[in-house]
Structure formats: C-alpha cells, structure tokens
Amino acid sequence: MRLRLGEVFAPMITAVGEIQMLMIARDVVEAFGDDAIAGDAAAAIGTGGMQMVSREADVETVLERNPNYFRDGLPYFDGLRGNWNFDGAYRAAQYVAGDADMLFFPWLGFPAENEAVRGQVGEENLVEVPMNATWNWVAVHFHTKVEPYTDPRVRTALHLATDREQLLVTTQGVTEIGGPISHAIGAYAWTPDELRQLPGYRSGAQREEDLAEGRRLLDASGYDPASAPPMTAAAGYGTPYAEVMQQNFAEIGFEVAVQEQPDSENNPKRAAGEFTLTYQGLGGAFDPDILYGLSHSGGGRNFGEFSDPEIDALLEQGRSTLGLENRRPIYDEIQTKLLDRHNPQLYCSWGRPVVGHRPWLKGYGPTNMQTAATYRWYRSWFEGKPGV
119 MRLRLGEVFA PMITAVGEIQ MLMIARDVVE AFGDDAIAGD AAAAIGTGGM
169 QMVSREADVE TVLERNPNYF RDGLPYFDGL RGNWNFDGAY RAAQYVAGDA
219 DMLFFPWLGF PAENEAVRGQ VGEENLVEVP MNATWNWVAV HFHTKVEPYT
269 DPRVRTALHL ATDREQLLVT TQGVTEIGGP ISHAIGAYAW TPDELRQLPG
319 YRSGAQREED LAEGRRLLDA SGYDPASAPP MTAAAGYGTP YAEVMQQNFA
369 EIGFEVAVQE QPDSENNPKR AAGEFTLTYQ GLGGAFDPDI LYGLSHSGGG
419 RNFGEFSDPE IDALLEQGRS TLGLENRRPI YDEIQTKLLD RHNPQLYCSW
469 GRPVVGHRPW LKGYGPTNMQ TAATYRWYRS WFEGKPGV
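Under my numbering, think of the first position of the sequence shown as 119, with each following residue one higher.
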C-alpha cells in the first residue's frame, strides 16, 4: 500500500503506528456502520492470525486460529481464551489452580503480584518478561468546557496537588513518573529525574510549596466548591488511582466524589465527551506527534475539548518540521506550556510492566505495545506442558 500525504508527520502515519489502528474496507463500514464495527463482535473482520469466536464484555474473549492467515504455519496455537478480570486475587487463584498460562494480559503484569504468586507455585513456575520501553500513558483528563475545569487556574492547582510518587505505589511497580511525552520516545521526553525538579512532581518541602501555590490558584479562581461534579473511574484498575487523587486534591481544599463505573461503560462515555474529570489510559507512543491527537483543537483524542491557538500552532509546526534537532525545541516548548499554563490532562506516569507466565510457554518475549504482544503469541508454543 502506498500513501500520498500532505504533511511530513501527517495524522495517518501516527494513526497507522498506534496500537488501536484498524483499516477496514469502505463497503464493510457502509454495510455495518461505525457503531457496529466498534462494538459488535459479530461484525469484526480482519486478516490477523486469530479470529473472533465469541466475546462477552468484561468477562471472556475466545479466539481461534485463522486458517487463511497470510504467514504459512502461524499461529502455532489453535486458539486463545482471555478472561477479562481485573481482580488480582481472582487472577492469582486461577494461575495457582492451573487454569491460566499467563497471569495477566500479554502486555501487562505487576512485579508484586508476580512475586506473591511465585511464592505459592514455586520459583520455577512463573517466568517474568519485562516489557521493553514505557508504552502506556496514565493521566486524568479534564473536560475543559465543564465548570469548574474551564478555568486553567483550577486545572493547574490540581496538577500541583497531584502526588505522582504516591500514585506510583498504586500501580504496584509497573509505572514510572511521566510527562506529556512517553519515555519510549527518549529523544523528546523528559526523564523522571528531570520531571521531579518541576512543580507538581516535586517531593518534601518543595511539594509543600506546590500545595501552597495550588491553594492560592484555587482561591483566585473563585470556583464554587459545590460545582465540582464527580470524577469517574473504571471499576477495578481505575478506582485506586482516582481515590489517591481525591485525597491529593483535598490537600488544597478541592473536594470531589469518585464515581465508579464498568470499563465497558467508562471508555465509550469518555470517547463521547460524556465526562467531567476521568482517569484515562493511552497505549502507543511512536512519535511526539501523538500530542496532536490529545491537545490540538481538532485532535481525535481530545475528548475534553481543550483548545489553545498557541498550542495548535506549535503542534502543527512540530508535524511539519524535519530533523530531531529542529523538532525537539518545539516539543520542549509544548510540554512546558502544557504543564505551566494549561494542564488539559494531569500527566502522571508511563508504564513499564512485567508479564508473568508459565515456564512451558515458549517463544514469548518483550514488546512495547499491545498489538506486538499479541503478535508474539502467534509465534509462541507449549513445550513440556502437562497433558499437552
């Protein structure tokens, strides 16, 4: 396939590189509609190594080998069965009982959870695979058209109140401090040590200074405490994160309730802009132009409708400029302005998970994104599994 693009870093290039990218024939879209393709498993099509058998939202997905896959002999497995359960105790029980070959997702795993399970099944019965680069962004997304988050002083105050170090504890060792650009794009990202020197990321006496400035900004905004709508969070993995932030915000006098909802409900509402303040994960980070989708007025993932002409212009400049030495100052300026003035999201961390699996699963290895992790499954096999 050859693409003719109008810009050096056109949106299509970033989209093709991201993990959620699907290319679907026009006649299929016309036949089923966007909503059916996005949410109806029966309408799913594709040319990957596995094809859908069934899917029960938030419960189980069953896949079978695609006999027409273009790579002869792959996948090695006849099928895959995924149990979508975010309860760590339940996952551990399944693994200990021998009902699972991989403890969590093929792209996600917690070192502390791996260690606890290893203590039950034995050192030799859980292999750890550290994922390559940081790949998954975690932040809290403001809807900037909803009070009181229309005021950048309120958003910046909450940025200053957020305790990133405390949030790291909730992720059980799979994340590290992060800013607007992932460490996976090392040439453009600010390192954790650099971020820890900035307001909102600092600790100790300097954090106390940040909290004082947050209180000042909140008071100056004149916001009505009764106007703060609840913060929504996906049940399970999102709730602990939201509860820590709720406590952080209270340190500057900002009170907000946490509203827990199923992931299957939380994600569509976020994409539709039906939220006020919500936890958000984002996979895929191949170029700093990913910020265009998040923070440009016309960005496809700018769910909170943030808009600033200066940021728009810089993002447009970044995607039309060649050369690392020429682009880096542009994205440094964008990150500085986002953190100092605007804070459309509360950038918190980028992931570095450690996957745990059975010793008889062979051929699996580190990846830096979800799609690649699934692809590694195509080239994986069992060797020495009891009963196989």
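Every residue, glycine too, gets a C-beta built ideally from N, C-alpha and C. Computed from a prediction, not measured in an experiment: that's the story for all the values here.
Excluding its 5 nearest sequence neighbours in each direction, Phe204 has C-beta neighbours in its own chain below 7 Å: Gly354, Tyr355, listed in chain order. The Cβ-Cβ distance between Gly167 and Pro193 falls below 7 Å. With fewer than 16 neighbouring CB atoms inside 10 Å of its own CB, Ala390 falls in the exposed class.
Approximately 6 Å separates the beta-carbon atoms of Pro462 and Gly422; this is inside 8 Å, confirming the contact. Each of Arg271, Ala375, Arg282, Glu392 was checked against the Cα of Arg334, and the nearest Cα belongs to Arg271. Here the stretch 223-236 does not lie against the stretch 445-457, with fewer than 3 beta-carbon pairs under 8 Å apart. Val247 is positioned such that its CB atom lies no closer than 7 Å to that of Pro477.
With distances taken between CA atoms, Leu276 lies nearest to Phe367 out of Phe367, His261, Arg497, Ser425. Boundaries of the alpha helix (DSSP H) harbouring Thr274: 270-279, taken from the DSSP string.
In the three-state reduction of the DSSP assignment, Glu373 falls in the coil class, being assigned neither a helical nor a strand state. Counting of Cβ neighbours within 10 angstroms places Asn232 among the buried residues, the total reaching 16 or more. At least 7 Å separates the beta-carbon of Glu361 from that of Val374. Excluding the 5 residues flanking it on each side, Arg282 has same chain C-beta neighbours closer than 6 Å at Ile295, Tyr319, Cys466, in chain order. In this structure, DSSP gives Lys387 a helical state, which the three-state scheme calls helix. In the structure shown, Ile303 falls within a coil segment according to DSSP collapsed to helix, strand and coil. Scanning Thr179, Gly197, Val180 for the CA closest to the CA of Ser498 turns up Gly197. Cβ contact annotation for Glu148 (same chain, cutoff 8 Å, sequence separation greater than five): none. When secondary structure is reduced to three states using DSSP, His259 falls in the strand class.
Rounded to the nearest whole angstrom, the C-alpha separation of Ile299 and Val258 is 15 Å.
Judged by their CB atoms, Gly200 and Thr179 are nearer to each other than the 7 Å cut-off. Here Ser438 is actually not in contact with Ser425; their C-beta atoms are around 20 Å apart, not less than 8 Å.
Between the alpha carbons of Glu241 and Gly481 lies a gap of roughly 20 Å. Within 10 angstroms of the beta-carbon of Thr293 lie 16 or more other beta-carbons, which makes it buried.
Taken in chain order, the complete beta strand (DSSP E) segments of 3 residues or longer contained in the stretch 450-489 are 463-469, 472-475. Classified as buried, Thr394 has 16 or more neighbouring CB atoms from the shown chains inside 10 Å of its CB. Annotation note: the stretch 185-225 contains the following uninterrupted alpha helix (DSSP H) runs of length 4 or greater, listed N- to C-terminal: 206-214.
Contact check for Pro317 and Trp495: beta-carbon distance about 43 Å, past the 8 Å limit, so the pair fails to qualify. Residue range 144-150 is occupied by the alpha helix (DSSP H) that includes Val146.
Around the beta carbon of Gln315, fewer than 16 other beta carbons lie within 10 angstroms, which makes this residue exposed. For Thr492, the secondary structure class from DSSP, reduced to helix, strand or coil, is helix. Taking C-alpha positions only, Asp153 is separated from Gln365 by approximately 37 Å.
One thing to note: Ser382 has its Cβ no nearer than 7 Å to the Cβ of Ala143. The beta carbon of Asp219 sits closer than 7 Å to those of His475, Arg476, Leu479, all from its chain and outside the five residues before and after it, given in chain order. Within 10 angstroms of the beta-carbon of Phe372 lie 16 or more other beta-carbons, which makes it buried.
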